[in-house]
Amino acid sequence: MSISAYNLRVKGQVQGVGFRPFVHNLAARLGVCGFVKNGPQGVVIHAQAETAVLTQFKQRLLDEQPSMSLIETIDMTPAQVVPTLTDFSIKTSETGALDLGVTPDAAVCRECLAELFDPHNRRYRYPFINCTHCGPRYSLIKALPYDRKHTTMADFAFCQPCLDEYKAADNRRFHAQPNACATCGPTLFFHNAKGEKQASIDPIAETLEVINRGGIVAIKGIGGFHLACDGRNDEAVKRLRVLKQRGQKPFAIMAANPASLAPYIDLTVERTQRLQAMDAPIVLCPIKENQSSTLSKVIAPQLAWMGVMLPHSPVHHLLFHKAAGEPTGLKWLDQPQALLLVMTSANRCGNPLLIDNQKALTELTGIADGFLLHNRDIHVRCDDSVVSAVGEKPRLIRRGRGLSPQFIPLSCGFSIVDKSVLAVGSFFKNTLCLTKGDRAYVSQYMGDLDNPECCRALHTTVEHLTSLLGIKPDLVVSDLHPDFYSTQFAEHYSQEHSIPLIKVQHHHAHIASVVAEHQIKTPVLGVALDGFGLGLEGELWGGELLYVHQGEFTRLAHLSPLTLPGGERAAKEPWRMAAAALYDLGRGEEISQRFADQPGADLIGQLLDKQLNCPTTTSAGRLFDTVAGLLGITTTNQYEAQAAMMLESLAYTYLQNHPWPEASPLIDSVDGNLNCAPLLAAISHCEDAGYGAALFHQQLIDGLARWISEQSQRTAVTKVVLAGGCFLNALLTDGVTRQLQANNIDLYCAEKLPCNDGGIALGQAHIALEMEVK
Amino acid sequence: MVHGSGGKAMAQLIDELFLNAFSNPWLDEMNDQACFQLPAGRVVMATDSHVISPLFFPGGDIGCLSVHGTVNDVAMSGAVPKYLSAGFILEEGYPLADLQTIVTSMAAAAEEAGVYIVTGDTKVVERGKGDGCFITTTGIGVVPEGVSMGADRVTAGDKIIVSGSLGDHGVAIMSLRENLTFETTIESDTQSLNDLVAAMVEVVPDIHCLRDPTRGGLSATLNEIAQQSKVGMQVYETEIPVKPQVKAACEFLGLDPLFVANEGKLVAFCPADKAEQLLAVMRAHPKGMDAAIIGDVIEDDLQFVQMQTAFGGNRMVDWINGEQLPRIC
Ligand SMILES: [Fe+3]
Ligand SMILES: [Mg+2]
Ligand SMILES: [Zn+2]
Ligand SMILES: [Zn+2]
Chain A
3 MSISAYNLRV KGQVQGVGFR PFVHNLAARL GVCGFVKNGP QGVVIHAQAE TAVLTQFKQR
63 LLDEQPSMSL IETIDMTPAQ VVPTLTDFSI KTSETGALDL GVTPDAAVCR ECLAELFDPH
123 NRRYRYPFIN CTHCGPRYSL IKALPYDRKH TTMADFAFCQ PCLDEYKAAD NRRFHAQPNA
183 CATCGPTLFF HNAKGEKQAS IDPIAETLEV INRGGIVAIK GIGGFHLACD GRNDEAVKRL
243 RVLKQRGQKP FAIMAANPAS LAPYIDLTVE RTQRLQAMDA PIVLCPIKEN QSSTLSKVIA
303 PQLAWMGVML PHSPVHHLLF HKAAGEPTGL KWLDQPQALL LVMTSANRCG NPLLIDNQKA
363 LTELTGIADG FLLHNRDIHV RCDDSVVSAV GEKPRLIRRG RGLSPQFIPL SCGFSIVDKS
423 VLAVGSFFKN TLCLTKGDRA YVSQYMGDLD NPECCRALHT TVEHLTSLLG IKPDLVVSDL
483 HPDFYSTQFA EHYSQEHSIP LIKVQHHHAH IASVVAEHQI KTPVLGVALD GFGLGLEGEL
543 WGGELLYVHQ GEFTRLAHLS PLTLPGGERA AKEPWRMAAA ALYDLGRGEE ISQRFADQPG
603 ADLIGQLLDK QLNCPTTTSA GRLFDTVAGL LGITTTNQYE AQAAMMLESL AYTYLQNHPW
663 PEASPLIDSV DGNLNCAPLL AAISHCEDAG YGAALFHQQL IDGLARWISE QSQRTAVTKV
723 VLAGGCFLNA LLTDGVTRQL QANNIDLYCA EKLPCNDGGI ALGQAHIALE MEVK
Chain B
15 MVHGSGGKAM AQLIDELFLN AFSNPWLDEM NDQACFQLPA GRVVMATDSH VISPLFFPGG
75 DIGCLSVHGT VNDVAMSGAV PKYLSAGFIL EEGYPLADLQ TIVTSMAAAA EEAGVYIVTG
135 DTKVVERGKG DGCFITTTGI GVVPEGVSMG ADRVTAGDKI IVSGSLGDHG VAIMSLRENL
195 TFETTIESDT QSLNDLVAAM VEVVPDIHCL RDPTRGGLSA TLNEIAQQSK VGMQVYETEI
255 PVKPQVKAAC EFLGLDPLFV ANEGKLVAFC PADKAEQLLA VMRAHPKGMD AAIIGDVIED
315 DLQFVQMQTA FGGNRMVDWI NGEQLPRIC
């Protein structure tokens, strides 16, 4: 039996996640000698054992890695055997530049929960329990390296037991920077509606009492504040809508566990897994039909699905624990619990999520009947991540808490050019992207850039991420649109730092984002369906088929143009789109009668006659609006993409009880472009909105599949990318995917990032890098 | 109307038309220039070329507009406008009767504003090379002692006041141009503001800045001044006066009244402790009856102009490059 030695270099998200204790314990179990230490490139291991044991050691590193770590690669190189090494140890860190991903926040792990509900544990009911496998990270990191003094935990000095845990290499809390207990750590407190601190009461009990009374409580979470109320209390939910001035936009529900959701929500194994993952996102799941629901009807009006999530902070768990009568142990955690909380981000009208106690107390007066606060500061705002699990594959809608700022590996060619790029995104749901070598760091969701605070967030996020990651951008990239605040920011940034500015077409960026994620190096055909992006000649694009390769694109085809009577206004009022469609069908005289309750319905013909503020667009989003307007589903969008979501919901519900409509093609190709006029004509005669919605989806799926197949054959490009917000529509994406799979086409969609504008920044950065490589 | 040597008679006719309408001691001397004395103080000069289609509109015409525009540009420095020059470019064949109307309107506007059109010039261009009538005016005025305004003088804490309803001119022109029929006719607000300014300056000489929100509307004005003075601005939608019919028309047309041009309104920035006093003076004046304090100048490194909406949200009042492009995705 001969002993051999190897050096292992582990790259990826492997620091601050309990990786070294894990390696230490694994080595001890296998009888491997050597040491592990943090290095600038990740984790470095020196391992000595029999070759067979070492092979097993490497495999088990991958298979059993801690829940929060993310191993990219393990390089294994032979090393000199050191005979004096007789055990396995953890060595202190090397200093020097760290090239590491910052770890996202994670939900409470099972071991911590076991302690939380164990009356004999010293952290029984301690609201800030965490360990290296779980807890807050990104939201409280001010600077790197990831050390307590660089986090918002800096103000809290360890007590002796906590320090002992922190120092013990075999402890679950070894180097757990936010480690704390009731003696030394942050505390929870409750303020009443007037903002007065209530010193002598149990904050958890009081919160629950206000909620049970039908009140609203502002709860400070991991990435920001939520407003919470009882999801079973219709009046409470309605009041929250009124106070938050949120008409119909859906709310999300938090439940103790999947079992509590089962009566209302159609849960599958995949959906349950997605809910229970460490990132604990809001997951959109179909609502059960005919559920005898105790759940309020005004949570997700007129939608076939609802956003649900599980507790991710100990504070949330404690609320459910209290409501359950403070049971001991973990058993209750898997049993159905009655409490269902509406949880909506605490902010006013498009402002960013509140993260600061004082601001919450002032800005939420008049809305919140109480405040559940704590004194651990949130340094980085992170909205809840949102995932749709309505269709066959989960699709990311918003990337925030639990996922940001996990990096996205790019194809390795980019490390050669050695240029760092800052891409500033678009306008809606903005994110930014920073690259370094072959890694792309995409920021958390920042919001829409018509809001001044969201625009400020762009500045602070650029500052925070560049300094945190030690990146000095060599290039800055923006959208083509001159009036996006992001573009203006980029122009300014480019001047201030004397670095070149590259402007990238919106839909090119949408497609490039998917290309980047999948590291595709050959040409692709990209179909971008979204609301709007500026074209190369100032046109309003939004339903484009592009040939994309090496940072360049050609517009091969597009959807037939629709008229926007009243420009941007038409994008908020589907009835206007429908009116324009009727007008184009030569049936303008129907407009005033169909939309009699709309101001200006009798005059809109004048706009169309004179082509006054009537730009045209190839937008697919507006096509959805047109159909929703023609079917009478909605006249005005109260929130972005409302008409499209209602249309999908109607079709989804229809298809639960009916087969897909069978109709011959109503979308034809004119000069290679998709002409939807015959479909709109047919839709305008539909009496049954559900059938109409299903017919529209069926025709669009068919039309797109034919279109893509034709263009693929013509260009001999078989890799096809689907991008843009419209592909959040599960019926559409699953339908197109099914049809194209039969056609020998390799289909790619966004997976790690949203396919909507939240993914634009990565695409912009990727295009800039491709242009540099050439 | 013809141009060239053959049009000598016609040129004379036009000259007479001007002389009769604008008659004043300086013009009547019929020199190639006007020679006049100015009171002591800083002299202000402004020029503006007026091209507008249609030339006649509810509430005015290009004639009075060309006087108001330049008088207001001079007055926005706090100065008292004194003299104007006028340059006409006429298209061959332009009806003399229409020209007469325009000139009469100019004369009336000048008289109302208390300024004299002391020198001028006319050129006739070939048919098809002009759009009927273009007028360039230049104005000269004198700033009273103790008045010192500038777009870089606005400071955090100042109040923002507008003199009346916004968007009237732009919507009136557009409705007419496109022959849109609304329930009520919307009239342009074109008027000279020098008398209003004089009244304001008399009571509050330390107004920090005045500006007429013409092209680009209130939005462009606020953004320009925010940049020049390196401040932020917070305005309140519910405080901004917009006539109901203008609001309805804008909603229908898909326009934002904050981006629409005005020709008879001003925005004033003044120290907060003088704001109520200034507002009272403005409201006591017929041209400032609907004046309103619409917001505050605030400190802001990023120089944002933001508006609290009627719903309580806050939105950027954007800095638009050229025409409004949709941004909805
Ligand atoms: Fe988009
Ligand atoms: Mg001017
Ligand atoms: Zn844990
Ligand atoms: Zn402690």
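Protein chains in written order, with this note's numbering: chain A, 3 to 776; chain B, 15 to 343. Cβ atoms here follow ideal geometry from the backbone N, Cα and C, with glycine treated the same way.
Residue i versus residue j: straight-line alpha-carbon distance, rounded
i, j, result
"B:Gly146", "A:Ala665", "58 Å"
"A:Gly569", "A:Ala598", "21 Å"
"A:Cys435", "A:Glu328", "44 Å"
"A:Met149", "B:Ile254", "It should be noted that the sequence gives Asp, not Met, for residue 149 of chain A. Rounded to the nearest angstrom, the two C-alpha atoms are 51 Å apart."
"A:Val389", "A:Val38", "36 Å"
"A:Ala99", "A:Leu749", "For A:Ala99, the predicted model reports a pLDDT of 46, less than 50, meaning its position is unreliable and no value from the coordinates is stated."
"A:Glu546", "B:Ile239", "40 Å"
"B:Val211", "B:Met321", "26 Å"
"B:Asp220", "B:Pro285", "8 Å"
"B:Pro53", "A:Leu366", "58 Å"
"B:Met188", "B:Asp182", "10 Å"
"A:Val723", "A:Val738", "11 Å"
"A:Ala178", "A:Ser91", "18 Å"
"B:Gly142", "A:Thr556", "41 Å"
"A:Tyr8", "A:Thr94", "20 Å"
"B:Ile103", "B:Thr151", "12 Å"
"B:Ala123", "B:Asn34", "15 Å"
"A:Ala514", "A:Gly726", "11 Å"
"B:Thr228", "A:Ala684", "47 Å"
When the options are compared against residue i, the one with the closest alpha-carbon
i, options, result
"A:Ile203", "A:Trp577, A:Arg276, A:Leu190 and A:Lys196", "A:Leu190"
"A:Gln339", "A:Gly233, A:His499 and A:Arg401", "A:Gly233"
"A:Thr358", "A:Ile369, A:Gly368 and A:Val382", "Note that residue 358 of chain A corresponds to Asp in the displayed sequence, not to Thr. Looking at the Cα atoms, A:Val382 is the closest of the given residues."
"A:Phe430", "A:Gly402, A:Ser488 and A:Ile418", "A:Ser488"
"A:Phe2", "A:Cys183, A:Pro205 and A:Arg596", "Residue 2 of chain A is absent from the model: chain A starts at 3 and stops at 776."
"A:Lys438", "A:Gly449, A:Asp476 and A:Pro23", "A:Asp476"
"B:Thr204", "B:Leu79, B:Leu113 and B:Asp46", "B:Leu79"
"A:Thr769", "A:Ala559, A:Gln608, A:Gln552 and A:Ser711", "Contrary to the premise, residue 769 of chain A reads as Ile rather than Thr in this sequence. Cα-wise, what sits closest to A:Ile769 is A:Gln552."
"A:His461", "A:Thr433, A:His483 and A:Asn173", "A:Thr433"
"A:Leu558", "A:Gly528, A:Leu566, A:Glu539 and A:Phe534", "A:Gly528"
Any non-hydrogen atom of ligand 3 within 6 Å of residue i CB
i, result
"A:Cys186", "no"
"A:Cys164", "no"
"A:Cys183", "no"
"B:Cys223", "no"
"A:Cys688", "no"
Proximity test, residue i beta-carbon vs ligand 4 heavy atom, cut-off 6 Å
i, result
"A:Cys133", "no"
"A:Cys161", "yes"
Ligand 1 heavy atom lying under 6 Å from the CB of residue i
i, result
"A:Asp532", "yes"
"B:Gly160", "no"
Name the residues in the stretch 391 to 413 of chain A whose C-beta lies less than 7 Å from a C-beta of chain B; which are they? Shown here is that no member of the stretch 391 to 413 of chain A has a Cβ falling below 7 Å from a Cβ of chain B.
Going along the stretch 703 to 714 of chain A in order, which residues come within less than 8 Å of chain B, judged by CB to CB distance? Those would be none; no residue qualifies.
Taking Cβ-Cβ distances below 8 Å as the criterion, which residues of the stretch 472 to 485 of chain A are in contact with chain B? Only His483, Pro484 and Asp485 from the stretch 472 to 485 of chain A bring a Cβ to less than 8 Å from some Cβ of chain B.
To be precise: take each residue of the stretch 298 to 320 of chain B, compare its Cβ to all Cβ atoms of chain A, and keep it if any distance is under 8 Å. Which residues remain? Those residues of the stretch 298 to 320 of chain B placed with their C-beta closer than 8 Å to a C-beta in chain A are Leu316, Phe318 and Gln320, ordered along the chain.
Against chain B: residues of the stretch 487 to 506 of chain A by CB proximity under 9 Å: Flagged, chain order: Tyr487 and Gln490.
State whether the stretch 305 to 317 of chain B contacts the stretch 169 to 177 of chain B, with contact taken as three or more CB pairs (one from each stretch) at a distance under 8 Å. Segments in contact, yes.
Are three or more beta carbon pairs between the stretch 228 to 247 of chain A and the stretch 402 to 420 of chain A nearer than 8 Å? Counting C-beta pairs with one atom in each stretch, the stretch 228 to 247 of chain A and the stretch 402 to 420 of chain A have fewer than three that are closer than 8 Å, which means they do not touch.
Decide yes or no for the touch test of the stretch 610 to 619 of chain A against the stretch 261 to 270 of chain A: beta carbon pairs closer than 8 Å, at least 3 of them. No contact exists between the stretch 610 to 619 of chain A and the stretch 261 to 270 of chain A.
Residues of the stretch 546 to 578 of chain A in Cβ contact with chain B at a cutoff of 8 Å, in chain order, please. Listed by position, the residues of the stretch 546 to 578 of chain A near chain B (Cβ gap below 8 Å) are Leu566, Pro567, Gly568, Gly569, Glu570, Arg571, Ala572, Ala573 and Lys574.
Chain B contacts from the stretch 340 to 369 of chain A (Cβ-Cβ distance under 9 Å): Listed by position along the chain: Arg350, Cys351, Gly352 and Asn353.
In the stretch 445 to 472 of chain A, which residues sit with their C-beta less than 8 Å from some C-beta in chain B, listed in chain order? Identification of residues in the stretch 445 to 472 of chain A having a C-beta nearer than 8 Å to some C-beta of chain B yields Leu451, Asp452, Asn453, Pro454, Glu455, Cys457, Arg458 and His461, given in sequence order.
Taking contact to mean at least 3 C-beta pairs separated by less than 8 Å, is the stretch 502 to 518 of chain A in contact with the stretch 576 to 589 of chain A? The answer is no - the stretch 576 to 589 of chain A does not touch the stretch 502 to 518 of chain A, with fewer than three Cβ pairs under 8 Å.
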